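For reference, each letter of the sequence shown is one residue, going 1 to 248 in UniProt numbering. So the structure is just underneath, and the comments pick up after that.
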Amino acid sequence: MTHLRRASWITSLRTFLARLWPHPLPVAKKQRVMASIGAGLGLMITSLTSHWLLGEVNLWFVAPMGASAVLLFGLPNSPLAQPWSIVGGNLVAGVIGVTTAMYVPYPAVACGIAACLAIAVMFQLRCLHPPGGAVALTAILGGGGVQQLGYQFILSPVLLNSVCLAVLAIIFNNLAGRRYPHPLAANEPKTNSVALEVPITRNDLHQALENGQLLDVDEDDLQQLLQRAEEIARRRQQLPPQPLKRVS
């Protein structure tokens, strides 16, 4: 019995350790090249523009904007990488970070409060943007230079860099043949339902993902999502028809 428990524990440990090794990212090579070039150009032009307008080296540029560039050019179809996400998310995080730094004298406590409030407000305003967390923390931990700027830190460099990078992402992604901003407008035609006559395997999903842009979803999660959607569709089709309403 002890031997079986030990073998089971070793198997569980091996399985857990195997999960630490990531699967290859299913994305076309062309998309990898475009993401790398776009992020490099976007950061370079945004940095030069910011330096030209501010007239000095932007010490708070690299960290949040570098993370934003990965999303805007590497995952342009992600809800976290849309123009409103970077502009609204960084703006909200900047306001909360500066305000928290003014009224909470303990940096550790201020960081926790700022991150908590920033995430909650970004969710509410539909502008969740992970680099916004870095913006909020920079407003607290950026040192005397950031604290002297006060709310000016929100306008420049945060808002200035965010708008500049978002505009460049719109131009580059559309020139590269990507739909960006990614969500369809209300008046744009939506994809019709597709009746699948053959089962789809995980390998099929992997090959399909390799032929396009990088999606922020694992093949296993995508397969589970398709299975849940199929179950919902089956239940919907089994529901009794709704009675017709009389038109007066």
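From the three backbone atoms N, C-alpha and C, an ideal C-beta is built for every residue, glycine too. It should be emphasised that the depicted structure is a prediction, and the values quoted were computed from it without experimental measurement.
Beta carbon of LEU215, beta carbon of ASN77: below 8 Å?
yes
Please list, in chain order, all residues of the same chain as MET65 whose beta carbon is under 7 Å from its beta carbon, the five residues on each side excluded.
LEU43, THR46, ASN161, LEU165
Sorted by chain position, which residues of the same chain lie with C-beta nearer than 6 Å to CYS127's C-beta, five sequence neighbours on each side aside?
TRP84, SER85, GLY88, GLY89
Does the stretch 107-125 touch the stretch 148-159, meaning 3 or more C-beta pairs lie closer than 8 Å?
no
Below 8 Å, how does it come out for the stretch 129-141 and the stretch 26-38: are there three or more Cβ pairs, yes or no?
no
Rounded separation between ASN192 and PRO199 - CA only
19 Å
Quick check on DSSP: helix, strand or coil for GLN237?
helix
Specify whether the stretch 202-212 and the stretch 89-109 touch according to this definition: at least 3 beta carbon pairs, one from each stretch, less than 8 Å apart.
Touching, no, given that fewer than three Cβ pairs across the two stretches are closer than 8 Å.
What does the alpha-carbon distance come out to for the pair PRO105 and ALA139?
Note on geometry: alpha-carbon atoms of PRO105 and ALA139 lie some 13 Å from one another.
Can you tell me the Cα-Cα spacing of LEU75 and ALA81, whole angstroms?
7 Å
What are the start and end residues of each continuous alpha helix (DSSP H) run of 4 or more residues lying completely inside the stretch 19-102, in chain order?
29-54, 62-69
If you draw a straight line from the alpha carbon of ALA101 to that of HIS129, how long is it in whole angstroms?
21 Å
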